[in-house]
Every structure is written in C-alpha cells, then in structure tokens.
Amino acid sequence: MRVLGLDIGISSIGWSLVEVDPKVQGVGEIIACGVRLFAQAENPKDGKSLALPRREARGARRANKRKRARIKQIKILLSKHFNVDLKDIVSEGEFLPNIFTTSKEFISPWELRSQGLDRKLNDEEFIRVLLHIAKRRGYNNSNQNQKNEKDGKVILESIKSNTEEMHRLGYRTIGEMMCKEHFSKEISRGIFENVRNKAKKESKDSEGSKPSYVRCVGRKDLQEEIKILFDSQRKFGNKGATDELEESYNKIAFYQRDLKSFESMVGKCEFYPEEKRASKCCYSAEEFINLTKIINTLAHITEKTKEVFSKEIIELILARAKSVKKGLSYKELRKILKLEDHPSIIFRGIDYTKKDIEKNTFIEFPKFHELRGYLSDFEEEFDSLDIKTLDEIANIIAFNKSQKILKEKFSKLPISKSMQERLILNQLGFDKTISLSLKVLYKLIPLMKEGKRYYEATKEAGLLEFSSKDVKKGFLPPLIDTDFKDTLNPVVNRAVSQYRKVVNAVIKKYGRLHKIHIEFARDISKNFNERKKIEIEQNKNRDLNNEAKRLCESIGLDPNGRNILKLKLWKQQDEFCIYSGDKITIQDLKEENKLQIDHIYPLSRSLDDSQNNKVLVFTTQNQLKGNKTPYEWIGSNKEKWEDLRNRINAMKRLPRNVGKKIMNTAFVDKSIGSRSEFLSRNLVDTGYINRLIGQYTSKYLEFLPLGKSEDTSAKSGSKGSKKHILTVSGELTSILRHYWGIDSKNRETHLHHFQDSLIIALATDANIQSLSNYLKSKEERYKDSKEKAKDIQENLQKYKKPVVEPLIDFRLKLEEAIKAIFVSRAPRRSVTGALHAQTIFKREEKWKEYGGGEGVNRALELGKIREINGGIVTNGDMVRVDIFKSKNKGKYHVVPIYTYDFAIGRLPNKAIVSGKNKLGVIKDWLEMDENFEFCFSLFKDDLVCIQTKKMHESVFAYYVGTTSSTGTLTFRHHSNCISDDEKEFFRTSSSSGFLAQNYGIQDLKVFKKCSVSVLGEISEVPFEARKDIRFKTTKK
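Per our numbering, the sequence shown runs over residues -16 to 1019.
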C-alpha cells in the first residue's frame, strides 16, 4: 500500500512517500521524502494581507478622484445659480480663486456657518459656506460591520458624542458648535485649537502619530445643517437660497454610490449547482447545524446505552434551545435525556478537565434571536412569519448592502412597510454561508428531525445522484477551479496550493496513491495574533533549551534530549520536587535512577505527551503516585493536598497550565470505554480546514483501489474505516514520535517537517494497533500494583530506541532519508508592490546622502532614486538582478532592476560599482556593453551553484537579495542543517538560518543558476536570452 504523509504548515510542507504492508507491522520502505518551503501570504509584521497597501492606495486615489469630480460639479452648479464667473471659484495652479482671497476683513467659513443662522449671507459668503460643507461632508457608516472594528467603533462613538454634545449645549447645527466651541478657542498665545481632526503623538517619545477622531461628525448632522441654513437664509430674504438649489446641492454633495451586492460571489450549492448557498445566519441553516449536532450526540449515547431516542426528543431539544437566547446547555441536555444518574456517560467535544464544563452551550440559535431582537417593535408580526420568509430576510441582509436593492427585495416579501423600513437600515452583521442551498435544507431538515444522519437523509432525499458526477482525475485541479474556491483565507489558500503541487508532483513521478495522510500545523487555522503568541512561546522554549544545554555542559551531563528536558523542568520547578517538596541537588541530577520525568495525567489514560504534562520528581514519589493523577493519589489527604497547592503557587516560573493540571480534580480518562476505540477517537483531526481539504482531495483525486476487505464507506477514524484520506491529529503525531524513539524536533532546521510527515505516513492501522496494545499492557500492569515501572518516555529517551519499530531498520532508513533531502523553495518571481516609497523629499534633503546636487543627479540617472512630482522618492522593491560576466577578465557584475523599471518598461543596463568620489558622489556604474556577456537573471529564492576560489567544492544556495550600494549578494542555506564544509561559505547565523551575507561575486570560481523542483530535484538552468521587462496588463 502506497501512502503519502504530509505535514502542512503556514509556510512549509514536509512529505514522505512510503510503501507498507497494511496488515503486517514493520514491512515497508521509504520511497521518497522532502520538504517544500514557501512565503506565507501575509505581511509578517502585522499579519495583514499583502494586497492591503495596494488596495488602500487604490481606494484613496478613487476617493480623491470622486471628491474632485463632486466639488467641480458643485462649483459649476453654484457658478450658474449665482451667475458668478467659474474662474472666481476654480483654482488655477498655485493661486487661490478670487472668492477665497484673504484680507483683514476675511471671515472664516466656520464663522460664516454660524452667522448664516442669524443673518443674511451675501452670494460670495453663501457659496463659501456651501463649498466648505461639500468638502467635509461627514462620515456615513455604510458598512454596519465597522461597528465591530477598532477604528470604526471609535469613529461612531465620536460622532455620537459630538451629536449629543451639540444638543446638550443647545446649538442648532454642528457647524455652529464647532465654531463657538473650538474654532475661536485659543490654546496659548497666538495658537488656536484645530477644528478638524489631526493625527497626534501619544507621547513625546513615541514614533509616528496616531489618528484622532474626536472631531468626527455624521453626514446626517451636516444634511440637517444644510436644511437649517437654507431655511434661515430664506427667512432672511436670501433669494439665492431656493428650493431647487437646495435639492440639486444635496443630490451632488451627499451623493453616495450604492454598495455592491456580493450575491453573485456566493458559492454554488453542493448538490444543486444552479442554486446559491444559504446564509449561515438564516433560521434553517442554524436548525440544520443544530440537528446535525443533536443526531451525532444521540447516536454516540445510543452506542453506549443501546437506547434509541425518538423524534419527539429531537423536537424537544430543538424547541428548548430556540426558546431562550443563550441556547441549551449540556447540563440541560443531560436532564432531557434522563442521564443524571449516569455520570459515566460523557458528551463528546467538550473538555471534562475543566470545571462545570457541562454548563457550556450545546446548541443555540444566535442569529435568529439577533434578528428577533432587532425587530422587537414588531414582535407579533415576527412570530407570525413562516420559516421561508425568515430565511429570505436573513439571505437578503447577508448578501446585499445597498439600501436601494434591500428596498426592492424586501418589498416582494409578505411583511409590513414598517418592518421593511426597519430592515432596510440593515444594522445586522450577517455574513458567511454554508455549503448547501435552502432548497436542499428544506429536503433534509424534515428527515433529520426523524433521527436520520446527514448521509442517510441525503440518500433518502435522492440528493446523492446530483453529487455523484465523477470529477476525479489523476491530478488535483487548482482550488479556483473547484467547488471550494471561496472557502479559504489567503494564508490557507497558499498552503493548499503548495499541497496540491507536492501531491501532483509525487503522483507524476511515482504513480497513483492508495492513501494520503495529512496533518495541518496548529497555527495554520489561527489568526495573526494567535500565531504570534505561539511563536513567542516557541522562542521562549528555544531559549530555555539553550539555557538547559549550557547548564548540562557546565555540570558534566550529556546534553541529550532527556537531560535537557530534566534541566528545563528542574529550573521551572525552582529546583524542587513537585510532589515531595524536597530540594533536587545537582548530584541528584547526575545520578541515573534518582529522578524521573512523570506525566501529570498518565500517558496511557490521557494521550498527552506535551511538556505541559510533565514534571521532574524523585523516583520514589513517582512509584507512589503510580498510574494516577495527583488528585487521585493524594486528593483525599487534605493536608498533603494543601501543601501541594502552596508549593505550586510559590513556584513563579512554573507555567500556569502545568499548575492547573496538577491541581485538577476532575480529570476524565480518554480511554473510557472499549480499548478497541482507544485511539480511534483521538486519531482524526476534524477541524474545519482538515475536513475541507479532505473533501477537496477525495472529490477530485483518483486513488488506487483499496483492499477488498477494507470498508470505504465507514466514517474516517471509526472502527474499520479505510478511507483514502486521513487527517491525523497533532496529538497522535506527538505520541508516535516518542513511541518510535524519534528525537525531539529541532526547529532551527527545516528537516523536522520531514520527520513529522514520516510519522504521519506511518500512522497505519497496524502501527496504531501496536501502540494501543502497548499502552493497554502498561495500563493493566499498573492496575493492581502500587509500584510503577519507569515511564514510557523515560525508557525511550534513555535507551534511544523505540519500543516497536514501524519499519525494519527504521532508524537507519530515517537517517539515510534525511541525508538525501534537499529543501525546495518556491521562487518569488511575481513583480508586485509599490513602485516607490510614499514620502516625497525635496532635492536638497538628499544632498547630504548623495554628495550635493551632482550626486542627486547621478543617483537619479542610475535609478537609485526617482523623481516624482518635482520631488525625490526612494525605490520600491528590487525584484530582479541580472548577472553579467566580463569577456576579458571573467569577473561577474550585477544589474539591479526595480518595480519602477518594470512600470516604465525600461531595462537598466548598468552594473553596480561600489564607492564614492572625494565629494561624496557615488561612482558612475559600469555599462554592460559588447565586452560583457549576459549570464542569467535572479529572483528571490532562485537557486544557484556557487564556489569561491578558496572553497574546495561548490555549494547550493538560495538567493536572498542584493545591496545596491556595494553590489554584494546575500544567500541562504537550503535546510539550516549545515555541514562543516558549508560553514566556510554560510558564515552568518541569524533567526532565519545560515546566511552568506553581502558576498562579493566578481571573483567567484563557479556561479551558475539552477532550478529545484517541488520534490527537491536539482538541475542546471540552460542559457536563456535576457528578458525584457514590462508589467502584465489586462483589458479594462
């Protein structure tokens, strides 16, 4: 049986292809293996989209363009209405229009906005007031979800605060309040308060400024001000303040483009491609999700109790959950099912190690109650609406934001005008969809209420024939060409794209597969902030490892994995035994059998082999504890239990999670129930991304047939299941790693990704059963004995060999496989990003850097800086370098190419020359004429073969970047697992690995461009002519 194991992370994929006998343990071979690295699809500094800067800049350009067009329309309108020459209103060049020319008698538009309420304004003054408001027309919250965003929430709060302040202080308009409260307010002599928002520094020492929103006003307030101003001017006899002008002005000044409906972007139904998916916020979707959970939970309980639950029970559970806003708890569910006297029956999906866990919500109808609360003024009408109308309301709100479209769609529903008007305001943040349409939900829900599971219901409803179309092929199609194109975020999308490339490359070279085993790294489904926390913890752990390693060496201990772990635990326990409270001396650490590493929750009962489940204790204490938790051991002795609590509280370096586990009084054995199910429940990771990728692969990839005796219809992870796709949990990978005696991960190299993938590939039935039997035998040995044999992990780390090998000569094969790996990187050849930095400098500001005016001109000529709108800007990214070789001297030279060069379509032809003359002017660069030959172009992460004159052999290295002032290049090692010979070239060690930093290339002995395949196969790139540069364009 051919199995491909994949360890998929946010920027890496480890893969292993193995051939194993599914029935006989130890028989098999490692066919091939490797590691694929790629750049993660987000800004590494803040986790934001890589496209965000471009999108924001484009949005700002469009907003400014529309504002200019709007103001021009207003000026034309006012020019015609008041019979004023347009030249007196529109500025030309740097000069202000005549209407804005200042003098001693000049009155600020802020003052005119206030005075216009109490006196007649002349035409010029009225024009200035109308233009002033049109230019600053207030904030309109067209995105209701913004109330949940940090800045959006602050803006809305400021608007509300200013409106309330205006009414509290008795001002008639927002303009009058701003004038009298802020415009004339003198902060200090000659310095007045700024009426408009202005970015401010949080403190004198802080860098940069944070935006201020304290002067934000709503558009409705300004529209009301225009109405009051026109009414006042008409009252004072201003003939220019006509109703027609007011109407025309409002149409232009406060015009708002309708928000685009994204109904067309909603994905297709899994069964009926012509139908759109239903909103996850509609009532039927919530009912379907809840029914799925109810039926699966009842089926699990039926397996334990043999009791079959009626459809009336299902209806009762649904009704109870719907009746209250907070939903139905597990505790209430236990009462409904009459399981109060059966505490051994536990619910799946909740962590019983936590206190009062059954108070957590089992099912709920959150969006139904949110909609009901929003329409609380129409309670009687709302309760009379049928389910289909409720679903339509939720769908319309979720897929449309334009009030015009909302009005049109709601007018077709059987609801009152008043309810329509309330719904048109759309202050509900409904979004997200499920994979099914309402048409499918209406067929499935009645069947599921009878107790049928999802698969059974789809079969009975005749839906399987619609999804049975065979789309399987020999290779995985791009995600964008499948039903799953709209379901992932950019970070996961890139990881899945690389996953597809690896799978297809393996199949192309080695043939079709029987199975694919996948594990997704725990951080891939988390947001940026959550991943940052994980990264910080990993860095802390690395520092602790280094500290423990140094300590081992200083006291004469072999710095192996076992001793490093002992020293780490020793330090975090303040050098005391957790259980006895006795001091652990250095001599104790040196003695072989004096100390043991104990699992707080017994490994055979918890499957928790994480460091947070381990403590360093005296062997005698460990034997007394046996196969129990601390509470099971000494919890009945109040004095000892209190001593333990005080000891833990005094240990300041002890991680909080470790202390919580030690003091836990409600541990629930993971092996409760049949031993045959022991690992089945913990084998499969059923997270959203894992399920989705499993579905994508199983739907579109053709596998080799499994054995006749294998049950392909059984649920993945259940007893007897032989699915083609298995998504393995990280918990299982961790325990198998130690069970087979594989060393702990070295995160400083990239090869640990392969090790994980090999474990994942070898997570076969035979190996899982072997582990299950081993743990079972350990557990049975503990049951009737107060003495405990040494911990499984102690044995593994002490003797450095597995209990049972998954393959014959496993360690030898593992070491040979690691030596053969060349880590593949995805080259970054796309030309994207800003053309130049946003800050524009005066020429004079660059004189010091480039040696005066002559130096600035030289830098402009060479393309080191650019001239924009009469100012100077620094370059954007250097996206490519072209390597040339002197025909006479054999020296290499580098020509840098920036995004700006691609934009203007001009191919630079001068190679960098380092240094400056006596005046500080950079030297003229070298023209690549007929005396030089083009060698190749390099993009970031392109592979090169390189050798200096001092080196005995050439090395492979990935190109990182070029320093424009010196023409030196930086390279990185492929795996960070570096040999002694390679250290001569890769001399710099950094957080990103081993680098050859700022290397001069002129006198290199060997310098060739190579390519590396997805699977890590290296080949020299044949000569290609130098390519011209231009951006790819599309017709608009």
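Yeah, the Cβ is synthetic: ideal placement off N, Cα and C, and Gly gets one too. The structure presented is a predicted model; accordingly, all values stated were derived computationally and were not measured.
With fewer than 16 other Cβ atoms from the protein chains shown falling within 10 Å of its own Cβ, Asp366 counts as exposed.
Burial state of Tyr238 is exposed, judged by a 10 Å Cβ sphere holding fewer than 16 other Cβ atoms.
Where Asp226 is concerned, the enclosing alpha helix (DSSP H) starts and stops at Asp226 to Ala236. Nearest C-alpha to Lys289 among Leu281, Cys560 and Asp748: Leu281.
Apart from sequence neighbours up to five positions away, the residues of its chain that approach Asp860 with a beta-carbon distance below 6 Å are Gly816 and Thr882, ordered along the chain.
Selection Lys966, Ile848, Asp986 and Ala940 evaluated against Lys872 yields Asp986 as nearest (Cα-Cα). Here Ser897 is near Gly950, since their CB atoms are less than 8 Å apart. Short of 7 Å from the beta carbon of Arg179, and not among the five residues preceding or following it, lie these beta carbons of its own chain, in chain order: Arg198.
Taken atom to atom, the span from the alpha-carbon of Phe954 to that of Val806 is near 14 Å. Following the DSSP letters along the chain, one finds Glu916 inside the beta strand (DSSP E) bounded by residues Phe915 to Leu921. DSSP places Trp93 in the uninterrupted alpha helix (DSSP H) bounded by Pro92 to Gln98. For Phe968, the three-state secondary structure derived from DSSP is coil. Within the same chain, Ile82, Phe83, Pro92 and Leu95 come within 8 Å of Arg111 by CB-CB distance, once the 5 residues on both sides are set aside. Counting only unbroken stretches of 4 or more residues, the alpha helix (DSSP H) elements lying wholly within the region 402 to 474 are 421 to 432, 437 to 443 and 447 to 450, in sequence order. Linking Trp553 to Val641 through their CA atoms gives a straight-line distance of about 13 Å. DSSP, read as helix, strand or coil, puts Leu843 in helix. Listed in chain order, the non-local C-beta contacts of Ile804 below 8 Å within the same chain comprise Cys16, Gly17, Val18, Leu734, Phe737, Ser958 and Gly999, local neighbours out to five positions each way being set aside. Sequence-distant Cβ neighbours of Tyr584 in its own chain, meaning closer than 7 Å and more than five residues away, are Asp591, Asn596, Thr612, Lys644 and Phe650. One alpha carbon belongs to Leu60, the other to Asp71, and they sit about 13 Å apart.
Inclusion of Leu373 and Leu411 in the CB contact set at 8 Å is not warranted, their separation being larger than that value. Between His325 and Ile499, the C-beta gap is not smaller than 8 Å, which leaves the two residues out of contact. Under the 10 Å beta carbon count, Tyr438 is surrounded by fewer than 16 other beta carbons and is classified as exposed. Sequence-distant Cβ neighbours of Leu952 in its own chain, meaning closer than 6 Å and more than five residues away, are Thr945, Tyr982 and Ile984. Counting along the chain, no alpha helix (DSSP H) covers Tyr881; the unbroken beta strand (DSSP E) around it starts and ends at Tyr875 to Tyr881. Burial is judged here by how many other beta carbons sit within 10 angstroms of a residue's own beta carbon; Gly99 has at least 16 and is buried. With respect to the 8 Å criterion, Gly121 and Val200 are classified as neighbours on the basis of their beta carbons. For Thr680, the three-state secondary structure derived from DSSP is helix. Sequence-distant Cβ neighbours of Thr416 in its own chain, meaning closer than 7 Å and more than five residues away, are Val249, Gly250, Arg260, Ala261, Ser262 and Lys263. If you draw a straight line from the Cα of Ile(-7) to the Cα of Asp241, it comes to about 37 Å. In the pairwise beta carbon analysis, the region 844 to 858 is classified as not touching the region 47 to 55: fewer than three pairs are separated by under 8 Å. In the DSSP assignment, Met161 falls within the unbroken alpha helix (DSSP H) covering Ile157 to Met161.
Beyond the five residues adjoining it in sequence on each side, Ala749 comes within less than 7 Å, by CB distance, of Pro5, Lys6, Val7 and Gln8 in the same chain, given in chain order. Per DSSP, Ala979 lies in no alpha helix (DSSP H) segment; the continuous beta strand (DSSP E) that holds it begins and ends at Gly976 to Tyr982. Rounded to whole angstroms, the separation of the alpha carbons of Tyr313 and Thr602 is 41 Å.
Separation of the CB atoms of Phe919 and Ile851 is rounded to 32 Å, and the pair is thereby denied contact status at 8 Å. DSSP places Ile57 in the helix class (H, G or I) of the three-state scheme.
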